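Beneath this line is the structure, given in C-alpha coordinates, with notes to follow.
Numbering (my numbering), first residue to last: 564 to 682.
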(Lines of atoms letter the chains of each structure in order from A; the text may use other names.)
(Lines give C-alpha, C1' and ligand atoms only; values in the text may rest on other atoms or scores of the structure.)
Protein backbone atom coordinates (compact mmCIF):
# COMPACT_ATOMS: atom_id res chain seq x y z
CA UNK A 564 0.00 0.00 0.00
CA UNK A 565 1.31 3.44 -0.96
CA UNK A 566 0.19 6.52 0.97
CA UNK A 567 -0.22 9.48 -1.39
CA UNK A 568 -0.71 13.07 -0.28
CA UNK A 569 -3.28 14.57 -2.69
CA UNK A 570 -2.97 18.36 -2.66
CA UNK A 571 -5.97 19.79 -4.48
CA UNK A 572 -9.20 21.55 -3.64
CA UNK A 573 -10.95 18.97 -5.83
CA UNK A 574 -11.66 15.32 -5.22
CA UNK A 575 -9.57 12.94 -7.30
CA UNK A 576 -11.62 11.28 -10.05
CA UNK A 577 -12.02 7.53 -10.28
CA UNK A 578 -9.99 7.50 -13.50
CA UNK A 579 -7.15 9.45 -11.86
CA UNK A 580 -7.19 7.13 -8.83
CA UNK A 581 -7.11 3.91 -10.86
CA UNK A 582 -4.30 5.27 -13.02
CA UNK A 583 -2.37 6.40 -9.93
CA UNK A 584 -2.46 2.83 -8.62
CA UNK A 585 -1.18 1.66 -12.01
CA UNK A 586 1.64 4.23 -12.01
CA UNK A 587 2.71 3.42 -8.45
CA UNK A 588 2.22 -0.31 -9.03
CA UNK A 589 0.44 -0.68 -5.67
CA UNK A 590 -2.87 -0.05 -3.93
CA UNK A 591 -3.13 3.62 -2.88
CA UNK A 592 -4.35 5.26 0.30
CA UNK A 593 -5.13 8.93 -0.40
CA UNK A 594 -4.55 11.60 2.22
CA UNK A 595 -6.41 14.66 0.94
CA UNK A 596 -5.23 18.23 1.56
CA UNK A 597 -8.10 20.38 0.30
CA UNK A 598 -7.18 23.74 1.80
CA UNK A 599 -5.54 26.42 -0.34
CA UNK A 600 -1.79 26.23 0.22
CA UNK A 601 -0.30 29.58 1.19
CA UNK A 602 3.09 28.24 2.25
CA UNK A 603 4.65 24.86 1.50
CA UNK A 604 5.63 24.47 5.16
CA UNK A 605 1.94 23.73 5.88
CA UNK A 606 2.31 20.45 3.96
CA UNK A 607 5.47 19.18 5.64
CA UNK A 608 3.88 17.07 8.43
CA UNK A 609 1.57 15.32 5.93
CA UNK A 610 4.39 14.96 3.41
CA UNK A 611 6.59 13.24 5.99
CA UNK A 612 4.05 10.39 6.27
CA UNK A 613 3.53 10.03 2.50
CA UNK A 614 5.22 7.75 -0.01
CA UNK A 615 4.38 10.13 -2.88
CA UNK A 616 2.65 13.44 -3.43
CA UNK A 617 0.16 14.29 -6.19
CA UNK A 618 -0.35 18.02 -6.50
CA UNK A 619 -2.31 20.77 -8.14
CA UNK A 620 -0.19 23.81 -7.26
CA UNK A 621 1.05 26.97 -8.95
CA UNK A 622 4.57 26.64 -10.30
CA UNK A 623 6.02 28.87 -7.55
CA UNK A 624 4.72 26.58 -4.78
CA UNK A 625 5.65 23.49 -6.74
CA UNK A 626 9.24 24.76 -7.00
CA UNK A 627 9.29 25.36 -3.23
CA UNK A 628 7.92 21.85 -2.58
CA UNK A 629 10.52 19.95 -4.61
CA UNK A 630 13.41 20.11 -2.09
CA UNK A 631 11.11 18.85 0.69
CA UNK A 632 9.91 15.85 -1.34
CA UNK A 633 13.25 14.17 -0.52
CA UNK A 634 13.17 11.60 -3.30
CA UNK A 635 9.43 10.92 -3.05
CA UNK A 636 7.66 11.04 -6.42
CA UNK A 637 5.97 14.39 -7.08
CA UNK A 638 3.15 13.79 -9.54
CA UNK A 639 0.75 15.92 -11.56
CA UNK A 640 -2.35 14.76 -13.37
CA UNK A 641 -2.39 15.47 -17.10
CA UNK A 642 -5.80 16.33 -18.54
CA UNK A 643 -7.13 17.15 -21.96
CA UNK A 644 -10.19 19.02 -23.12
CA UNK A 645 -12.43 17.05 -25.43
CA UNK A 646 -15.61 18.21 -27.13
CA UNK A 647 -18.70 16.36 -25.92
CA UNK A 648 -20.71 17.12 -29.06
CA UNK A 649 -23.29 19.03 -27.01
CA UNK A 650 -23.99 22.73 -26.71
CA UNK A 651 -24.27 24.59 -23.43
CA UNK A 652 -25.89 27.96 -22.69
CA UNK A 653 -23.71 30.76 -21.34
CA UNK A 654 -24.94 33.20 -18.70
CA UNK A 655 -25.96 35.65 -21.45
CA UNK A 656 -27.97 32.99 -23.33
CA UNK A 657 -25.47 32.20 -26.12
CA UNK A 658 -24.88 28.58 -27.07
CA UNK A 659 -21.34 27.30 -27.28
CA UNK A 660 -19.72 23.88 -27.58
CA UNK A 661 -19.36 21.92 -24.35
CA UNK A 662 -16.00 20.43 -23.39
CA UNK A 663 -15.11 17.83 -20.78
CA UNK A 664 -11.79 17.41 -19.00
CA UNK A 665 -10.46 13.90 -19.59
CA UNK A 666 -7.68 12.24 -17.61
CA UNK A 667 -4.71 11.54 -19.92
CA UNK A 668 -2.19 10.25 -17.38
CA UNK A 669 0.26 11.27 -14.68
CA UNK A 670 3.61 12.97 -15.04
CA UNK A 671 6.41 12.98 -12.51
CA UNK A 672 8.22 16.24 -11.84
CA UNK A 673 11.87 15.24 -11.80
CA UNK A 674 13.49 18.64 -11.45
CA UNK A 675 12.12 22.15 -11.23
CA UNK A 676 14.23 25.25 -10.94
CA UNK A 677 12.50 28.60 -10.91
CA UNK A 678 14.08 32.01 -10.65
CA UNK A 679 11.94 35.13 -10.90
CA UNK A 680 12.06 38.82 -10.24
CA UNK A 681 9.21 41.21 -9.54
CA UNK A 682 8.69 43.86 -12.24
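Cβ atoms here follow ideal geometry from the backbone N, Cα and C, with glycine treated the same way.
In this text, all values refer to a predicted model and were calculated from it rather than measured experimentally.
Beta-carbon proximity list for residue 524, same chain, < 6 Å, skipping 5 on both sides:
For the chain, the structure presents residues 564 to 682; residue 524 sits outside this window and is missing.
Close Cβ partners of residue 564 (< 6 Å) along its chain, the five nearest in sequence each way excluded:
590, 592
In chain order, what residues of the same chain lie with their CB nearer than 7 Å to the CB of residue 583, ignoring the 5 residues before and after it?
567, 591, 617, 669
Output the distance between the C-alpha atoms of residue 637 and residue 673, rounded to the nearest integer angstrom.
So the alpha carbons of these two residues sit roughly 8 Å apart.
In angstroms, rounded to a whole number, what distance separates the CA positions of residue 675 and residue 659?
Rounded to the nearest angstrom, the two C-alpha atoms are 37 Å apart.
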